[in-house]
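See structure below.
Protein chains in written order, with this note's numbering: chain A, 88 to 301; chain B, 88 to 301; chain C, 88 to 301; chain D, 88 to 301.
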């Protein structure tokens, strides 16, 4: 079992709460309220800016093949998710929301880890996001009806797409290589980072799902 | 006169010593010793790794359009210069040299500035490299004979190419926008960073030109 | 009105919720549950380690008189609050608690700000902690009965003491000097940092007060 | 043999060139030109500011006993060396010199290492400075004549003093503990950092000794 697979097993309950979250279930069935989706997308905009910053630090700290990978991941995130958000906002318009609690604490956690940690810390802290979105795309896009709102289809499709699946697999491969032969104490610390990021992923969906315009 | 133009005027003597450096004159005429070129290229490999790290920090610190630009600059540096170096080494083979004095102090200077400074500091400290290489490509590629070693032509061509010219112009545009309305004290500090980086560019050529295999 | 006074006015409601928090009211009357106090103190241990780290970055980024001040603040925090915690734990023993949610997000916020921000950002983000504890010491120590538990008296006394009052006043003086003549946009950003830190101070007390051993 | 003793053996030639440098020989005999001493002291002012910054980052990155030690080292450097410099300048006046080449590249090297490296990297990179000054104080102060200029005596005395010797020994103890059981590859990298810092110590003396007012 790969190190990330072990991490996932250690947080399995939270992981399943993400994959089965009503936000995602309703989105795939096309019945999610537009308001909740817009709130989510705006929060994910803030998250993506902090993710780009985190990847910048990863580029700075990594060497060799991981450095090149980090540059590709950065570029594909800009060309992929960030561009997908822009396309949705351009087409449909979207309300402005300020940065919410979960995006704030998740971003602070990523950036603190990036500045204080080493390459493997940064790679691991990014895994819950990439890996859960990959699984969301894989599972939910095939189930999604043809007649759900086009924005929801487009969103699901981009995580089910070949580019996203490939870059996530590369991330997992690099983690696997870097985590080989690490001592038990480091293993535990890294599992703690994975657990925290998974918990914040869960809270991200939860905050968006329970959002209500005042 | 743009801010970077002012900076250039302030260091004009060193700037001209770069543009007219015998290393470059001999390269354009095709008579530069292969040994010196290989030493230069190996040192520039070290420099490029530190440049990628510096750009990573720029991505992390920048926001909005400068952040997007920094990601593109990072990606194009990997796809452009780094790939060009790999192509030369693959084709011709190359001796291994350890990191020399100038690449060491230049890299340390870039990374310290990146971690301590703000976005404009980082943009300015990168200008002497990009701008002098752009001018080298512009001036020397058209003069270069068709019969000079293909590696030297290929090298010159890549800095004369449209992609390098465009990305450098974008860098200058961003500096111009960020440097608008800055107070005099900051202007002086930034000019100091530009001066130091220009001096290190000069020393880079000088070290490579005076290199001798033992 | 000083800049920090303006910040305080902008968050006055939260400020008063801190100063009048039942945790503090009960502590000053000597009726706070020992369990809640121990939980608070353990969380403040985690906070203090992150505070020391934040002050370390401040030392690194500051120059001149602010750099010297940051070194003194760091040293006095170690000799003051950290030593006070050690004394309490040595004398009374204390249960072990892991890092709670509020200490985690507050620490992440401080460290992210420290690495990304400039000297004034770091100074401002520290103010809600130092200033509210100074006010707590000033107001509550004189009211505290002689017969409240000695640990609670000792704790209150250390924030009412001359050393803590002086160092906090010096902090405010430095913020005042650095914040003179800053543009409106920066003023707003700094007020945002002050607001966030004040909110986290409030939640710190709230989390400790609502803590229950399972 | 301790790890740092091994490092010292690896750079023994440079180490002896420091301990026997004419700058120090002439200083101990009282015949060093005042001009060279003033240039040295001004450069060491710049170095000390960068040293304080480096120690700040060490505080931020370290945990437990090393964090406490780093705070003490920072404080004692301010109260010791920095205050000693201030005393000399107050008493004797001193010319202003701008930051020279060696102080610049040494400072950049320290700060880059501090931001990029881990706790042990930072501890090791500081050793050549502390350890060589400790040895300078130990050896040369007892030899120094009573009639040499009082400034030179005062300077030597401060490195021969109990406080400096103790703090340096503590630094070496911490390095010894942190370096226990590190893999060979890390050992080599750390030796490289030690070597570079030793070389810069040597060049520091050399630059000051060859300094001439224009």
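Note that beta-carbon positions come from the ideal geometry of N, C-alpha and C, so glycine has one too. These numbers come from a predicted model, not from an experiment.
For a quick check, are the C-beta atoms of residue i and residue j less than 9 Å apart?
i: residue 298 (chain A); j: residue 122 (chain A); result: yes
i: residue 160 (chain C); j: residue 257 (chain C); result: yes
i: residue 227 (chain B); j: residue 137 (chain B); result: no
i: residue 255 (chain D); j: residue 300 (chain D); result: no
i: residue 110 (chain B); j: residue 225 (chain B); result: no
i: residue 180 (chain C); j: residue 148 (chain D); result: no
i: residue 133 (chain A); j: residue 187 (chain A); result: yes
i: residue 69 (chain B); j: residue 115 (chain B); result: Shown here, chain B extends from 88 to 301; a query on residue 69 (chain B) therefore has no answer.
i: residue 154 (chain D); j: residue 89 (chain C); result: no
i: residue 295 (chain D); j: residue 167 (chain D); result: no
i: residue 205 (chain D); j: residue 205 (chain A); result: yes
What's the C-alpha gap between residue i and residue j?
i: residue 286 (chain B); j: residue 101 (chain B); result: 7 Å
i: residue 174 (chain B); j: residue 243 (chain B); result: 14 Å
i: residue 107 (chain A); j: residue 280 (chain B); result: 53 Å
i: residue 104 (chain B); j: residue 283 (chain B); result: 14 Å
i: residue 120 (chain B); j: residue 192 (chain D); result: 30 Å
i: residue 131 (chain C); j: residue 190 (chain C); result: 7 Å
i: residue 127 (chain C); j: residue 177 (chain C); result: 16 Å
i: residue 203 (chain D); j: residue 212 (chain A); result: 19 Å
i: residue 207 (chain C); j: residue 92 (chain A); result: 43 Å
i: residue 231 (chain B); j: residue 239 (chain B); result: 9 Å
i: residue 252 (chain D); j: residue 272 (chain B); result: 41 Å
i: residue 194 (chain C); j: residue 276 (chain C); result: 19 Å
i: residue 150 (chain A); j: residue 150 (chain D); result: 26 Å
i: residue 99 (chain B); j: residue 274 (chain B); result: 17 Å
Quick one: what's got a C-beta closer than 7 Å to residue i's C-beta in the same chain, skipping five residues either side?
i: residue 156 (chain D); result: 257, 261
i: residue 158 (chain C); result: 146
i: residue 247 (chain C); result: 224, 225, 228
i: residue 236 (chain B); result: 117
i: residue 215 (chain C); result: 281, 284, 285, 288
i: residue 95 (chain A); result: 102
i: residue 113 (chain D); result: 119
i: residue 222 (chain A); result: 106
i: residue 233 (chain D); result: none
Please go through the same chain and pick out, in chain order, the residues whose beta-carbon is closer than 6 Å to the beta-carbon of residue i, but skip the five residues on each side of it.
i: residue 209 (chain C); result: 145, 201
i: residue 265 (chain D); result: 207
i: residue 169 (chain B); result: 135
i: residue 270 (chain A); result: none
i: residue 259 (chain D); result: 91
Rounded to whole angstroms, how far is the Cβ of residue i from the Cβ of residue j, which I believe are closer than 8 Å?
i: residue 129 (chain C); j: residue 196 (chain C); result: Actually they do not touch by this definition, with Cβ atoms about 19 Å apart.
i: residue 125 (chain C); j: residue 163 (chain C); result: At roughly 25 Å, the Cβ-Cβ gap does not stay under 8 Å, so residue 125 (chain C) and residue 163 (chain C) are not in contact.
In its own chain, which residues sit with a C-beta less than 8 Å from the C-beta of residue i, not counting the 5 before and 5 after it?
i: residue 263 (chain B); result: 89, 90, 91
i: residue 172 (chain B); result: 128, 131, 132, 135
i: residue 165 (chain C); result: 139
i: residue 241 (chain B); result: 171, 174, 175
i: residue 152 (chain D); result: 261
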